[in-house]
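Notes for the one structure printed next.
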Amino acid sequence: MSIKSDRWIREQALQHSMIQPFSEKQVREGVISYGLSSYGYDLRVADEFKIFTNVNSAIIDPKDFDERSFVAVQSDSVLVPPNSFALARSVEYFRIPRDVLTICVGKSTYARCGIIVNVTPFEPEWEGFVTLEISNTTPLPARVYANEGLCQILFFQSDEVCEVSYADRRGKYQKQQGIVLPKL
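Going by this note's numbering, the sequence shown runs without a break in its numbering and finishes at 1070.
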């Protein structure tokens, strides 16, 4: 298994619609960078957020998720409360090849501000908008900017094709749109 380069990512995005929309170069001026890098792709966060709140005294239960546990916000930026959490989605839609697994890592600019991004791997043949999990680990409110880079996706190609892909097993988050909440 090897990490894939900018050449491979560009080819897959342009010829096979692996990333849409696709930025062929890294955009950096005046924004938190996004687009193609040497060995990855910095995805952008959309302007839709769900900020967790305990105003309604809801309980977070992945088997019985209560939508009253968050406040929906649409904005060019959002404040994540201290020691709190938000959900968002990517601007880009991904179509992962059958012999590829991705790993998402946070961007240094946000990590240096105490903002941590956790996204599960994109499995072979998964497709959709990415639901992003954003943690503010600081005792202060933290700003996240829409339509700018949030995390980097690394692409690893296997030396053999998997027997069963995410699409084959009809994964519950396949072709997700918007911010998708936990499902059983």
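Each residue gets a CB set at the ideal place from its N, CA and C atoms; glycine is no exception.
- Taking C-beta atoms as the reference points, Glu1019 and Tyr920 fail to come closer than 8 Å.
- In the displayed model, Ala974 falls within a strand according to three-state DSSP.
- If you look at Asp928, you'll find it isn't in any alpha helix (DSSP H); it sits in the beta strand (DSSP E) that goes Gly926 to Phe938.
- The three-state reading of DSSP puts Leu900 in helix, counting H, G and I together.
- Ile1002 sits close to Thr1023, with the two beta carbons spaced by under 8 Å.
- Of all alpha-carbon atoms in Ile937, Gly1064, Lys1058 and Trp894, the one lying nearest the alpha-carbon of Leu1070 is that of Lys1058.
- The closest CA to that of Ser888, considering only Asp1054, Glu1046 and Ile918, is found on Glu1046.
- Residue pairing for Cys1037: DSSP places it in a beta bridge opposite Leu929 and Gly992.
- Here the segment 969 to 976 lies against the segment 926 to 944, with 3 or more beta-carbon pairs under 8 Å apart.
- Taking 8 Å as the cut-off, the Cβ atoms of Leu1040 and Ile989 count as close.
- Gly1064 has its alpha-carbon roughly 15 Å from the corresponding atom of Glu953.
- Nearest Cα to Phe1015 within the set Met904, Ser891 and Leu900: Met904.
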